[in-house]
Structure formats: structure tokens, C-alpha cells
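Take the sequence shown: its letters are residues -22 to -1, 1 to 673, numbered as in mature numbering (1 follows the signal peptide of the UniProt record, and there is no 0).
The beta carbon of each residue, even a glycine, is placed where N, CA and C say it ideally should be.
Reading through the C-alpha cells given below for one structure.
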Amino acid sequence: MGFSRLFLVYLLVMMAVPGLAAADVPMARSPDGATRCGHIDVPYPFGLEAHCAIHSGFHLSCTKTVDGTSKLLLNNTLEVIKISVQHNKCYDQSTKAMVSNEERMNITSTPYVLSRSDNKLIVLGCTSFSYIKTCTFTIGCSSTCEEAPKNGSCSSTAGCCQVNLPRFTHVTQGSFHMLRNTTDPIWGEYPCNYVTMVETKAFKFSTTYLTSTAFYDTDNATVPVVMEWGIAKMKCNKTAENDKNVPYACVANNSKCVHNDAGYACNCSSGYKGNPYLVNGCTDIDECENQEANSCYGICLNSPGSFQCQCPRLSIGLGVGGSTTLLLIALGGPLIVRKVKLRRLQKMKQKIFNQNHGLLLKELVSSNTCIGERMIISLRDLEKATDSFDCSRVVGGGGHGVVFKGILDLHEFINEVVVLSQVNHRNVVKLLGCCLETEVPLLVYEFISNGTLYNHLHVEGPISLLWADRIRIALEVTRALSYLHLGCSMPIYHRDIKSSNILLDDSLTAKVSDFGASRYIPIDQTGVTTIVQGTLGYLDPMYHYTGRLTDKSDVFSFGVLLIELLTRKKPSKYRSNDGDYLVSHFEKMLTTRNLASIVDPQVMEEENGDLQEVATLAVMCTKLRGEDRPTMREVELRLENLLLKKKLVTCITIARRNNEDETQFQYVPIEPVTNDTSRQYTMEEEMLLSASYPR
């Protein structure tokens, strides 16, 4: 089956492609007119004039360059270097320039998609990490130089990594990052880093790409990329052939409709060649002219769409049982082909399952057979639950992938998983299972219906979450983090605590989510050195500079979150008039007793004398040195004491009204959490204090 493809040349970083105005109803067909630009043929449905193309998405322009040569352009920006109608491919070329570390491409409104079979995402460098986000997936890879780079070998540990593109890639948002500072010695030996999408056949790795600008300078700073194209975004069984309002594009006799990722296109039927978009475009192939491809040891007789092979005169052909054999092949062939395809698909799923460490997962959960069987979900079930990962099912995107809403039609599975997940914390989103049968492993979480804390906090207008709700949410987050740090068999450090990773249910109960960056820490260790991950603005500066991850890294991120709850200002974007970041400016305002200038006015109105204590706690959590910060357990106790104090004040007020004895109400005094006072309570006191607030 042929595929519609457009061959383009792509930026070495990420190039923003303006959307083409692809009309829903094709224009009047006019295959007459110029059909060549320089040395490039421009076959219909493409055209060099608007009335010559099947519709505006296929309108190309031919321009003269300074040196007198002609360039074929798509949308006046992308140079087309080749068009193939029979295989429906189109190649494009464009100069490269790194304008920033994030670029976006959007061809949603065009008849094109990036070909997943002909392109790859390539990352070059010894300190490079890059990824692109599409409508449905986030893909990427990191390139290091743990091994010596070799010519012709693209290895992620030797200066080059590559990854396949997903299906239906209309929208990509790319990001390019360095894994080490430019002061690292490796920069002296391998100073060059690149990222691009490129046609697979056109790329061959060379070590000079890492040490010089050779990759940038090759072919006038361009690389080819392949785009598939379709006449309309519909499947063959729903094509315009059945719609009187939309002319059908496959007008040639002996042509057929084929489906690709971009929609539907046309091909000549088997035994014919040419242009299926023209009335007489498909002509018969004379198979007798190519004896190597069409073996015939007798007399070859060409026929429309086929050929016959006859024995010469005075010779006998050994055809005993031939008719019966052909009949059996004709009847059983489709069934055999179907079985072979299904077997190949099962082998591919099993191969990907093994690559994604599925066997290791099964071994790890083998001690609990029930969990092992129920936590691994098939791709078919996920496709059914999400309408084949339809874009309308996308509800958001975390730092490590796109989030879909789906309904699993497996009542027994749901009931058993609910029982199994009782071991989880009430303020941590529950993992229902995973699917390892796709190239990008998929996680299945419970659906939290009320969005993120970020969306509830940063609303337009002066009124946001109530102060009481903000303090309660903060306490619930501390309980979750305290549980992760201390309540698990192996401590878990989240590494990416921020308001967009805190989900809220219908009752505004907090659920910590997005554990893509989390790390298990051996119980006999206090930290681990690893590649820095997290979100700027929330990231622990000591972890950022040293790469040393500890429990105090989560404490810092929580402190920033607490400041965000107090101020309703976005940590990753905020700058004061003096150029200070949110944490530094907030600490200055607390020190100078000027909190009113930065705290949310709604909080100033609703707080009941506890603002100063919460602000002090936030500043303690964001101290520069990790050892100066409290633990999450100490933060949890501090907030619980604060809420307990507020409840007791309410009880004492009621008691005074009823002339009751105030001495019967006692609470643990709130003192600054320091190394001297953090362990002043007995275990019984801590348990009693925590027991009043169910987890």
C-alpha cells in the first residue's frame, strides 16, 4: 500500500511551521498549467497556481533565487525538494537557527502529518536532553558520552540518540536542555549539541558533529524530513465518494482509495501505474518488459493489470493439480495473511513489553499474584477506554506525559483494584495499573475530577480558594509527603512538588500526582546524587547546584508551594521590581514586616492571626541550606498544631458563652521548629496528635 508523503527539509532545532489553510471542500480541479519548478516535477493534486491544485493545502509556489535557480516552496517558507504521487511523499528543506530552547510546530489545519516510518528525532551531543510533545505523546531522549563516539553508530551513551515519532503527529512542542553546566570539562572536548527531526535514510552519524560545526554546515545547514499527506481527513470507508457535497479525488480508472495517518489518498490499482488523481492517469504496467520481477519461462502475454505465461508450441507444462492448488491459495490466502499479521503484532507487543522491563515488573510483584495479574493492563483495553487515544480525551499534560480520560469497561478489575489500593495514602493519587505493550509505556491512574490546585488558585478576579481551604490543602500535601518519606518501606522523594501536580477532587481534597521524576532512596541512605529534575521556581537550589537529592529537596518545593498559596503568585514567572525571585522577595517582606504588600488580599481579610506563623514556616522550609530546613514530619506537626489551636479557640469561645471551665481544653504549644525542639514530644503524644486527623 502506498502512502501520501511530502518530503521537506527541517530545522536542526525545531522549526515553527505556519498552518496552511486547507479547505474542507476541494476547489475546481485544473491539472493544466505549469507542472515543473526548476528540476522538480509538480504533479497534480499539487499545483503552482491556486486553481491548478486540488485545494489550497496543495498550492505550492516557484520562486527565483539570487543565483538564478528556482526553489519550490510550501506556504512560501518550506523548500520542497521532491514530490512522489505514487508513494505519496513530499520532501521539504529549510535553514536552521537556534532561536531558543523551545520551539513549536503546528500543522493541524493542513493535509500533512510527520511520517512516523520515515523520520526520527535525533539528539546529538554529550550533555544533551530533548523531547517533543505531540497531541497524544511526549517522546525524547538524552545523549551522553559515557563511551567514545564512533562514526556510523548512533548510541545514546556515545554522543547520539534517536527515537521514533508517534502516529498522527500534527502538533509538536520541542524543548532542548543541557544536562551539565558549560564549565564541565566535557564541553572542551565535545562543545557541539544539536536536536532535529530528520529523514532516517538521510542521517549517518559522524564524530565531527560533536567537535565542530560540520553537522550545521552540511547541505547548506539543512536536513530533510518526510511528511505524509492526505486529500481529506477521513477514512476510506467514509470518503467523499459517498458524500455528494465533496468531490471524490480518486477519479482515474483502475485507482483505489488508501488510508494513511493524514487521512485518505489515492493509488493506482495493482498492475497499473501513474497519477490516480487524473481521469486517465493510471496506465497498465507491461510486466513482460521486466522479466526479472515477473518470472515467465514461457511466452509472456501482457493483459490489463496482469500478464499470462504460456508454454511454447510443442512443449508440455507440468500443471497437475495446479487448478486445485490455486483455488486453495485463493481461498486460504487472506486467512493465512491475517494470521501472520496477528502473530507479528503479538510478537511486536511482547518485544516492546520486554524492552519496557515487563518481565522485571512481573517478577517484582510475583509475591502477590493478584496484584501482578491486575496491575498490567493490555493495550486493547486502553484503546477501548480512550477511543483509541482520541485528542478529545486529553484532559491535560504532566511533566512526563499527556493525561487522557478513559473509562475501563472491566467491573471486576475495578473492584479488585479498589481493594488493592487501600494500602495507598488518601492524599496520593492511586495507580491502577500500567500498559507495557506500546513503545511509550502508559500508566493508568484514578481520575481526579476537579482539576489542579494551580487552576483553582490562579483564577481571574480577586476571589480564589478560601484561606481555610488553602491551609487544609497544605496540611494534606505535607501528610502525603511525610508518608512518602517515612511511611514506605523505602523512602520516596517526589522531586517535582508544585501546584500543577496537586490534584483536587470534588470536595477539594488534595491528591499528590505525577511521580515521573520520583526516586526510591535506600533506607540506610539520606540522599542520592542524580541528574537534576524538577521545575524552575520550585527547585531546591542546593539540589540544582550539587545534584544531591535528599528529603529536604521536597521540603524546599513545599515551602515554595506554601508561599504560592499565601500570595497567589506564580513562582516560575514572578520577579520583583528589584529582580528578586518569589522566595527571596517573600523572605524580605517577612523580615521587614511588610507581608501585606505581597500576600493575597483575600488571605489578609480571611486569616485569623495565623498568617505570621504560616509565613514563618514557609521561609523556614525555603532556607538555602538543607540542614536548616525542618523535616516533612515536623512541618506536618506544625500545621496540625496550627489547625488544632484554631479549633480549640473556637471551643473555648463556645465554652465561655456556656460558662464552662476553659482548663479542660489543652493543646500542644506551637513553638518554632528547630533542631533543639523538633523531638520534644513523646511518641505517644505524636500518635495522639496525628490520630485526631484521619489520613
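The beta carbon of A192 lies closer than 6 Å to those of T186 in the same chain, with the five residues before and after it left out.
Inter-residue distance for I470 and Q511 is about 15 Å (C-alpha atoms, whole angstroms). For T594, the enclosing alpha helix (DSSP H) starts and ends at L589 to C599. The beta carbons of S442 and R546 sit about 6 Å from each other, so the pair counts as a contact at 8 Å. A Cβ-Cβ distance of about 16 Å is found for the pair D239 and E177, leaving them out of contact under the 8 Å criterion.
Remark: three or more beta-carbon pairs, one from each stretch, lie closer than 8 Å, so the segment 555 to 572 and the segment 527 to 543 are flagged as touching. The C-beta distance from C104 to C123 rounds to 4 Å, short enough to fall under 8 Å.
Contact holds between the segment 511 to 525 and the segment 474 to 493, because three or more Cβ pairs, one in each stretch, are under 8 Å apart. The beta carbon of T43 sits closer than 8 Å to those of K49, all from its chain and outside the five residues before and after it, given in chain order. The criterion of a C-beta distance shorter than 9 Å is satisfied by I449 and L617. Looking from the CA of K624, the closest CA among L595, E585 and G604 belongs to E585. R14 has D19 as its beta-bridge partners, per DSSP. V315 counts as exposed, since fewer than 16 other beta carbons sit within 10 angstroms of its beta carbon.
In the DSSP assignment, the residues bridged to Q140 are I100. According to the DSSP assignment, R526 belongs to the beta strand (DSSP E) that extends over R526 to T528.
A direct Cα-Cα distance of roughly 16 Å separates R457 from L595. The Cβ-Cβ distance between G276 and I263 does not fall below 9 Å. Boundaries of the alpha helix (DSSP H) harbouring S460: W445 to S460, taken from the DSSP string. Annotated three-state conformation of Q580 is helix, per DSSP. At the C-beta level, T189 and Y172 stay beyond 9 Å of one another.
With respect to the 9 Å criterion, P89 and G259 are not classified as neighbours on the basis of their beta carbons. In the three-state reduction of the DSSP assignment, Y523 falls in the helix class, which pools H, G and I. The C-beta distance from A271 to C244 rounds to 23 Å, too long to fall under 8 Å, and the pair is not in contact. When beta bridges are read from the DSSP output, H37 appears opposite G25. For H436, the three-state secondary structure derived from DSSP is coil.
Within the same chain, Cβ atoms closer than 6 Å to the Cβ of S247 are found at N232 and K234, the five residues on either side in sequence being excluded. In this chain, the alpha helix (DSSP H) harbouring H563 covers L560 to T569. The bridge partners DSSP lists for F285 are N280. For E125, the three-state secondary structure derived from DSSP is coil. Of the candidates C369, C138 and C15, C138 places its Cα closest to the Cα of K182. F107 and V204 have their alpha carbons spaced roughly 23 Å apart.
A straight line joining the alpha-carbon of T487 with that of L621 spans about 16 Å.
Close CB contacts of E267 within its chain, under the 6 Å cut and outside five residues either way in sequence, are absent. By the Cβ-count criterion, R611 is buried, with 16 or more other Cβ atoms from all chains shown falling within 10 Å of its own Cβ. Counting along the chain, the unbroken alpha helix (DSSP H) around E167 starts and ends at I164 to E167. Contact check for A593 against L568 passes: the beta carbons are separated by less than 9 Å.
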